[in-house]
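> Please find one structure pasted underneath; my questions will follow.
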Amino acid sequence: MPGVLGDPYRVIEIAPGVTPTVSGFPYFFIRGAPPGNIGYTFDGIQVPLLFHVGGGPSVIPPALVQRVDLHLGPYPARFGRLAGAVVEAEAAPPPYDFRGEASLRLGDLAGHVEGPVRDDLTVFVAGRWSAGVALITALVPSVDLNYGDYQARAIYEPRKGERISVFAFGARDYLAAAINGETPEVLLDSDFHRLDLRYGRDFDSGTIDAAVTLGLDQSRGLGGVERASDWKLGARTRFVRQLGSRAILRGGLDIALDDYDIDKGGAGGSGGLFPEVSTGQLQDAFSELFQSRLDVAVGAWTEATVALSDRSTITPGLRVDYHTSMGDASLAIDPKLVGSFGVGKHLKLIPAIGVASQRPGFLPLPALQIAGIPGGLQRSLQTSFGAEVEVGPLQVGGTLFRQVTFGLTDALGTGRGTELSSERFLARSLGDAYGLEIGARGALRRDILFMVSYTLSRATRERDGVTVPSAFDRTHVLHAALLYDLGRGWRAGVRHVFYTGFPADEVAAGRPLNEHPDRVRPFYRFDLRVSKRWRVGETGYINLILDLQNATLSREVLDVTCDAAGCSPRIFGPITLPALGLEAGF
């Protein structure tokens with residue numbers, strides 16, 4: 001797939017319902033839900049930032065990924081504390097033989113090796129380092145970035161059906177960019193680390209898993225905060241049990257403790273993501289939001305999948321979460337109901353309804369989360385009705401959805417053109433999103449695959465009796481890709497990205513919206529990929545890859561800046577990654 005850098009995670013970018021904030025950034029609005037309400041997990045472990053900055057790869061190497069699912073909502077009951085969507089990756093099982101790969105791209109070096117060191121013990125070691133970023137920043141002097149990650153896993157199977165695993169991983173990201181030709185400003189400077197210890201056992205009628213996760217998240221120099229750290233301790237258990245021949249019962253418990261340490265003194269620079277304000281203003285605005293504290297969340301969930309026929313199922317579920325922070329406490333009770341009904345041989349209808357709850361949200365930045373539960377929980381009512389048709393090699397789907405969030409916190413979606421203050425981030429609104437999602441993929445010929453997704457939607461915010469479009473409401477989002485197998489190890493692909501502009505302003509200097517242009521300009525991007533593979537021996541290979549994201553060097557409107565004289569766009573980019581890479585593996 002062009003533009004995804006060979007990364008299965010990044011395919012979520014082209015899924016229906018996903019609206020980008022800025023091309024190449026790892027922040028999305030999904031069915032109207034802001035980035036702070038979107039969760040990322042790998043094998044049940046929370047990941048604070050899934051993608052490296054500047055359009056980089058995910059922090060989890062593809063070799064560890066068995067599959068990726070985007071749960072638009074309602075999502076399964078095992079996920080909780082999120083009022084938006086969930087991106088879930090399932091870990092790949094250990095191989096029977098040793099395998100490995102090393103890759104050299106224009107931006108980074110990466111490699112992994114995995115295999116059995118004994119009959120009952122398998123290890124995996126991997127890492128990535130942005131060794132070639134200096135060349136990229138020389139080609140695009142308005143951008144300064146670097147990143148890296150590491151992974152190590154050991155799986156011990158003392159007997160058949162029993163597993164003990166240790167998994168450690170982490171990542172580091174830094175991004176500074178010049179907006180409108182100004183001095184580069186730090187947009188992201190963070191790292192995170194995880195250590196997961198797990199035990200699993202299979203029984204005749206099901207499985208049970210238990211895990212403990214230790215973690216550390218850190219951010220520096222953002223939002224008027226010199227340094228923010230979050231020491232994490234989590235525990236979870238999950239069971240799956242077969243009930244006869246027509247039902248499966250699932251359930252579990254989990255607990256999360258977060259010990260925040262916030263150092264607000266001495267932060268330098270300007271506003272970073274908010275360069276129109278001074279650091280002093282940021283410190284004043286965010287002193288209320290970020291505080292040293294201990295947060296606790298405890299949850300329990302259950303769901304059952306009942307087969308009504310060979311092609312029809314119904315899955316009721318329930319999740320209960322209890323939150324405490326800074327003396328505040330809240331209880332969330334979230335029921336869910338999802339059906340899947342086969343009509344004939346090729347058509348499937350999928351109605352769904354559910355409730356999802358979350359504490360006040362912020363941007364998805366490590367260790368920077370709002371203290372306490374001011375204003376209570378966000379509560380989202382998620383409904384959808386979908387249809388899927390599969391005929392031969394073609395798969396076509398369409399979904400009508402509506403997602404209403406009560407008590408929504410969305411500084412990005414409701415604050416454009418307003419003064420920066422703590423009230424902007426704590427303000428509540430009624431968020432409403434509705435629309436139509438269409439997706440199609442399949443084989444046009446044996447050597448040509450296609451993928452198309454289109455989202456027609458509207459996202460609004462209602463506050464103080466006034467309803468306005470979300471600041472990142474994009475009416476049309478279209479992705480189209482063609483993938484070619486040219487034979488003799490050659491492959492190629494093209495991809496086009498298009499989305500309409502967001503509202504030019506919500507409110508600025510007391511002027512109503514209709515005194516400004518309705519929308520900023522649309523954005524389009526063209527990606528291409530060409531690769532050649534050579535076989536070496538029985539299992540070895542060498543790949544040469546050119547993966548060019550944003551070949552059109554398109555620049556994008558990041559925001560608008562307004563004063564008494566009017567509003568002007570803030571232009572970002574162009575961000576382009578000419579990922580010339582060489583891979584060798586066995």
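Quick note on numbering: full-length UniProt numbering labels position 327 of the sequence shown as 327, and the sequence is numbered without any gaps. The beta-carbon is built from N, C-alpha and C at its ideal position, and this holds for glycine as well. The model shown is predicted, which means the values in this text are computed figures rather than measured ones.
Is it right to say A443 is buried, meaning 16 or more other beta carbons lie within 10 angstroms of its own, or is it exposed?
A443 should be labelled exposed.
> Would the segment 290 to 308 count as touching the segment 249 to 264 if we require 3 or more Cβ pairs under 8 Å?
Enough Cβ pairs lie closer than 8 Å, so yes.
> According to DSSP, simplified to helix, strand and coil, what is residue 639?
The question about residue 639 has no answer, for the chain in this structure spans 1 to 586.
> Go ahead and label Y96 buried or exposed: buried means 16 or more other beta carbons lie within 10 angstroms of its beta carbon, across all protein chains shown.
Its Cβ having fewer than 16 others within 10 Å, Y96 is exposed.
> Using beta-carbon positions only, say whether G161 and D202 come within less than 8 Å of one another.
Cβ distance < 8 Å, so G161 and D202 count as in contact.
> Checking 8 Å against the spacing of the C-beta atoms, do R461 and G501 come in under that value?
Their beta carbons are not under 8 Å apart, which means R461 does not touch G501 by this criterion.
> Tell me whether the beta-carbon of L216 lies closer than 8 Å to the beta-carbon of S229.
Taking 8 Å as the Cβ cut-off, L216 and S229 qualify as a contacting pair.
> For S453, count the other beta carbons within 10 Å of its own beta carbon; 16 or more makes it buried, fewer makes it exposed. Which is it?
The residue in question, S453, is buried, as its Cβ has 16 or more Cβ neighbours within 10 Å.
> Between which residues of its own chain and P61 is the CB-CB distance below 6 Å, once the five residues before and five after are set aside?
So the list reads H112, A126, once near-sequence residues are dropped.
> My assumption, with CB atoms under 8 Å, is that R163 sits in contact with D191. Please give the rounded CB distance.
About 29 Å; that fails the 8 Å criterion.
> Per DSSP, which residues does P569 bridge with? Please list them.
BP columns for P569 point to V560.
> Going by DSSP in three states, N146 sits in which element: helix, strand or coil?
Strand, per DSSP.
> For the structure I just gave you, are there three or more beta carbon pairs, one from the segment 25 to 34 and one from the segment 423 to 430, closer than 8 Å?
Touching, no.
> For L257, collect the residues of the same chain with a Cβ closer than 6 Å to its Cβ; drop the 5 residues on either side in sequence, then sort them by chain order.
L233, V296.
> Quick check: the Cα distance between L456 and V497, rounded to an integer number of angstroms?
Distance between the alpha carbons of L456 and V497 is about 15 Å.
> Starting from S422, trace the alpha helix (DSSP H) both ways and give me its first and last residue.
Residues 422 to 426.
> Using 8 Å for Cβ pairs, my map puts H52 next to Y147. What's the rounded Cβ distance?
The Cβ separation is near 4 Å, so the contact holds.
> Quick check on this structure: which residue in E388, T41, T237 has the alpha carbon closest to the alpha carbon of A440?
Among E388, T41, T237, the Cα nearest to that of A440 is on E388.
> Nearest by alpha-carbon distance to L381: which of I14, L408, G36 is it?
Here the closest residue by C-alpha is L408.
> State the Cα-Cα distance for the pair I333 and L82, rounded to the nearest angstrom.
So the two alpha carbons sit approximately 13 Å from each other.
> Measure the beta-carbon distance from R529 to G493 and round it to whole angstroms, keeping in mind my assumption that it falls under 8 Å.
Correct: roughly 5 Å between the Cβ atoms.
> Identify, in the order they occur along the chain, each residue of the same chain with its Cβ nearer than 8 Å to the Cβ of D310, setting aside the five sequence neighbours on each side.
Only G342 meet the Cβ criterion.
> How long is the line joining the alpha carbons of F425 and D527, rounded to whole angstroms?
Looking at the two C-alpha atoms, the distance is approximately 35 Å.
> Enumerate in chain order the residues of its own chain whose CB-to-CB distance from V536 is below 7 Å, with the five nearest sequence positions on each side excluded.
Excluding residues within five positions, the ones whose Cβ falls inside 7 Å are I542.
> Nearest CA to the CA of V520: which residue from T561, A481, V4, E437?
The shortest C-alpha separation from V520 is found at T561.
> From A154 to T213, what distance separates their C-alpha atoms?
Rounded to whole angstroms, A154 to T213 spans 15 Å at the Cα level.
> Are there 16 or more other CB atoms within 10 angstroms of the CB of G36, so buried, or fewer, so exposed?
Flag for G36 reads buried.
> With which residues is N543 paired in a DSSP beta bridge?
Its beta-bridge partners are R533, E583.
> So I208 packs on F169, CB below 8 Å; how close in whole Å?
So it is not a contact: roughly 24 Å between Cβ atoms.
> For the alpha helix (DSSP H) holding G413, just list the boundary residues, first then last.
Where G413 is concerned, the enclosing alpha helix (DSSP H) stretches over 411 to 414.
> Which residues in the same chain as S568 place their Cβ atom closer than 6 Å to its Cβ, once the five residues preceding and following it in sequence are excluded?
Excluding sequence neighbours, S568 sits near T561.
> Under a Cβ-count criterion, where at least 16 other Cβ atoms within 10 Å of its own Cβ denotes burial, should G392 be classed as buried or exposed?
Flag for G392 reads exposed.
> Does R446 come out as helix, strand or coil in the three-state DSSP assignment?
Residue state, collapsed to three classes: coil.
> Quick check: the Cα distance between A176 and R570, rounded to an integer number of angstroms?
Going from the Cα of A176 to the Cα of R570 covers about 15 Å.
> Can you tell me whether DSSP reads P20 as helix, strand or coil?
Residue state, collapsed to three classes: strand.
> Would you tell me roughly how many angstroms separate the C-alpha atoms of G435 and V306, rounded to the nearest one?
Roughly 29 Å between the two C-alpha positions.
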